[in-house]
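Under my numbering, read the sequence shown as residues 32 to 514, first letter to last.
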Amino acid sequence: MAGPKDLREWIALLEREGELQRVPAKADPHLEITEITDRVVKAGGPALLFEHPKSSDHPLLINQFGTERRMCLAFGARTLDEVGERVGSVLEMQPPQGLVEKVKGLAKLKSIADSLPKTVRSGPCQEVVLEGEEVDLGRLPVQTCWPGDAGPFITLPAVITKDPRDGTRNVGMYRMQVIDARQTYMHWQIHKDGRMDYLATDGRLEVAVALGLDPVTAYAASAPLPKHVDELMLAGFLRGDPVELVACKTVGLEVPAQAEIVLEGYVQQGDEGIEGPFGDHTGYYSPPEPFPVFHVTAMTMRRDAIYPSIVVGKPPAEDAWLGKATERIFLPAIRMSVPEIVDYDLPVAGAFHNCVIVSIRKRFPGHAQKVMHAIWGLGLLSLTKAVVVVDEHVDVHDYEEVFFRVTANVDPGRDVLLTEGPLDHLDHAPTRQFYGGKIGIDATHKGPAEGTREWPEEIVMSDDVRELVTRRWSDYGIRSDQS
Ligand SMILES: Cc1cc2nc3c(=O)[nH]c(=O)nc-3n(C[C@H](O)[C@H](O)[C@H](O)COP(=O)(O)O)c2cc1C
Ligand SMILES: [Mn+2]
């Protein structure tokens with residue numbers, strides 16, 4: 032099951048699968064690469080390896096995650112649901128009964144044991160070591176993505192910190208605006224784990240940033256795990272192969288040994304500056320705000336390091352499939368807490384935190400409202416602005432059908448719940464930042480148990496007639512593929 036062990040194996044796999052286009056022409060990381068990539072992403076096109084970005088010796092890889100097929104290739108799975116099932120099978124482990132189950136159980140336990148990262152003595156990410164004054168972020172082809180951006184932003188980093196209280200590791204994907212040769216901002220938002228590590232220290236927090244990873248580890252940096260759970264463990268589990276780590280040169284952290292580029296350094300309480308604006312995944316520029324300054328004490332890399340990037344903007348953009356991967360992979364975990372959930376969908380156009388559609392096995396009055404509150408209480412899903420609840424047989428991914436249920440089944444005076452709570456850091460709509468209104472729409476069936484009149488029966492053709500027509504289809508001489 033082991034997939035690509037580093038970015039190079041991943042690029043080779045993409046190339047073999049016809050999923051990568053090399054771009055030998057010079058292209059400018061200042062806006063030009065965004066416009067090229069945006070067109071290719073929106074057309075469902077391949078990953079792009081810009082071999083000669085202007086003013087840099089390092090190639091730039093982009094759109095590696097831009098389609099469902101590439102996302103599945105990354106995980107070595109046929110569907111993203113299959114990846115979710117792998118997680119679910121471990122979460123729902125029961126004491127095995129019988130020999131076959133015991134053997135299967137052992138395999139699962141082994142997959143958990145294999146997921147712990149392992150330390151190695153050296154790694155290609157330290158072939159080149161630049162320390163102190165030698166550090167020069169200007170060597171990297173960092174993109175200025177949109178015309179109103181405050182500067183160049185590192186957009187696909189895995190930011191590694193440790194909680195100063197208990198030493199647990201966190202890996203998060205937080206964009207980094209380049210300030211000069213040796214400083215960036217660190218854009219961990221108010222609800223994020225890296226920020227909590229930062230606030231837990233009253234002095235310095237060491238930070239290491241890995242750039243250019245195998246696709247699963249890169250994905251894991253964006254995964255919304257509970258704070259004490261190490262994202263590298265999830266990566267190891269999903270890869271079926273532990274992530275190898277090497278010790279940093281100037282800070283007390285470990286980084287993936289196979290990374291292309293590593294930035295080591297620190298942030299310091301009280302040492303903040305004004306980050307942004309940045310054209311964000313909300314489709315709008317996020318306004319300038321204070322964020323900590325990341326001081327780079329060492330830059331280590333492979334000799335011919337490849338720089339990874341991603342452009343976010345008005346949805347859909349490349350990050351859509353990173354979000355969809357999370358949606359599928361976390362479904363079993365969500366079902367552990369809220370087992371009546373059948374399925375859910377986070378529409379890409381809703382920028383992930385704006386809307387969740389959820390189908391439930393409804394058993395009692397107020398069940399839809401119970402699930403709304405559960406969503407508003409679950410990890411980063413708690414930031415969801417709108418929750419739409421439908422019955423179990425409704426396909427949450429079919430937005431036309433969901434629209435049908437929302438309009439057909441809802442009495443707005445009765446079925447719309449307005450409440451308040453925390454909202455995403457980047458949500459520009461609420462009057463105040465971070466906090467505002469939420470809407471829950473109960474589009475499930477109702478009935479006398481909830482104090483309404485009888486609910487009508489839905490129209491469905493009988494099975495015998497459907498079978499008859501299928502059987503006789505060719506007899507009718509109708510030329511179509513409707514059978
Ligand atoms: C391409 C991309 C860029 C992101 N940029 C940021 C960012 O700048 N700041 C942030 O707080 N979260 C950002 N996120 C979301 C976080 O990576 C995500 O919420 C993750 O769960 C954070 O890790 P944590 O839960 O360990 O804090 C980004 C996600 C993606 C896919
Ligand atoms: Mn985390």
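Just so you know, even glycine gets a beta-carbon here, dropped at the ideal spot from N, CA and C.
Requested in this report: May I ask you to check if the CB of Asp-455 is nearer than 7 Å to at least one heavy atom of ligand 1?
Outcome: no
Requested in this report: Following the continuous beta strand (DSSP E) through Leu-51, name the residue where it begins and the one where it ends.
Outcome: 51-54
Query raised in the report: Buried or exposed: His-61, going by 16 or more other Cβ atoms within 10 Å of its Cβ?
Result: buried
Query raised in the report: With 16 as the cutoff for other CB atoms within 10 Å, does Gln-174 come out buried or exposed?
Result: buried
Query raised in the report: At a cut of 8 Å, does the region 80-95 reach the region 110-121 through at least three beta carbon pairs?
Result: no
Query raised in the report: Using a Cβ-Cβ cut-off of 8 Å (strictly less than) and excluding sequence neighbours within five positions of Leu-265, which residues of its own chain qualify?
Result: Ser-146, Ala-251, Ala-254, Leu-256
Query raised in the report: Around the Cβ of Trp-504, are there at least 16 other Cβ atoms within 10 angstroms (buried) or fewer (exposed)?
Result: exposed
Report task. Check whether the Cβ of Thr-215 sits closer than 7 Å to any heavy atom of ligand 1, and report yes or no. Result -> no
Requested in this report: Spell out a yes or no on whether the region 381-390 and the region 423-431 are touching, meaning 3 or more CB-CB pairs, one atom from each, closer than 8 Å.
Outcome: yes
Query raised in the report: Is Gly-76 helix, strand or coil when you go by DSSP?
Result: coil
Query raised in the report: Can you give the beta carbon distance from Ile-341 to Thr-186, rounded, assuming they're within the 8 Å contact cut?
Result: 5 Å
Query raised in the report: Straight-line CA distance for Pro-443 to Ala-249?
Result: 43 Å
Query raised in the report: Any residues whose CB sits closer than 6 Å to a heavy atom of ligand 2? List them in chain order?
Result: Asn-201, Gly-203, Asp-224, Leu-256, Lys-258, Glu-262
Report task. Look up Thr-175 in the DSSP assignment and give the residues it is bridged to. Result -> His-61
Requested in this report: Rounded to whole angstroms, what's the CA-CA distance from Asp-180 to Asp-311? Just pull it up for me.
Outcome: 9 Å
Query raised in the report: Relative to the alpha-carbon of Asp-455, which residue among Ser-493, Leu-448, Trp-407 has its alpha-carbon at the smallest distance?
Result: Trp-407
Query - Neighbourhood of Ser-317 by C-beta, 7 Å cutoff - its chain only, sequence neighbours within 5 removed - result: Gly-307, Pro-308, Phe-309, Asp-311, Leu-457
Query raised in the report: In the structure shown, what three-state DSSP assignment does Leu-449 receive?
Result: strand
Query - His-259, buried or exposed, once every other Cβ within 10 Å from all chains shown has been counted against 16 - result: exposed
Report task. Report the residue from Ile-490, Arg-436, Val-491 whose alpha carbon sits nearest the alpha carbon of His-476. Result -> Arg-436
**Report entry** Element boundaries [beta strand (DSSP E), containing His-326]
**Finding:** 320-332
Query - Secondary structure of Met-367, DSSP reduced to three states - result: helix
Query raised in the report: Trp-219: beta carbon under 7 Å from a heavy atom of ligand 1?
Result: yes
**Report entry** Supposed close pair Ile-221, Val-324 - CB separation, criterion 8 Å
**Finding:** Rounded, the Cβ-Cβ distance is 18 Å, inconsistent with contact.
Report task. Report the three-state DSSP secondary structure of Leu-22 (helix, strand or coil). Result -> This structure cannot speak to residue 22, because the chain is shown only from 32 to 514.
Query raised in the report: Given 8 Å as the limit, is there contact between the region 141-161 and the region 267-283, that is, 3 or more CB pairs closer than that?
Result: yes
Query raised in the report: Which ranges does the alpha helix (DSSP H) cover as unbroken runs of at least 4 residues, wholly within the region 90-150, from first to last along the chain?
Result: 99-106, 111-122, 129-144
Query raised in the report: Looking at C-beta atoms only, is the number of pairs between the region 186-199 and the region 228-246 that lie closer than 8 Å three or more?
Result: yes
Query raised in the report: Between which two residues does the beta strand (DSSP E) carrying Asp-422 extend?
Result: 417-422
Query - DSSP beta-bridge partners of Cys-386 - result: Ala-417
Query raised in the report: At what residues does the alpha helix (DSSP H) containing Leu-263 begin and finish?
Result: 262-270
Query raised in the report: For the putative contact between Met-332 and Val-159, defined by C-beta atoms under 8 Å, what is the C-beta separation to the nearest angstrom?
Result: 5 Å
Query - Rounded Cβ spacing between Leu-409 and Ile-365 (contact assumed at less than 8 Å) - result: 7 Å
**Report entry** Beta-carbon contacts of Ile-143 that lie in its chain and below 8 Å, excluding the five residues immediately before and after
**Finding:** Val-121, Phe-268
Query raised in the report: By the 10 Å Cβ neighbour count, where 16 or more other Cβ atoms means buried, how is Val-421 classified, buried or exposed?
Result: buried
Query raised in the report: Sorted by chain position, which residues of the same chain lie with C-beta nearer than 7 Å to Thr-98's C-beta, five sequence neighbours on each side aside?
Result: Gly-75, Trp-352
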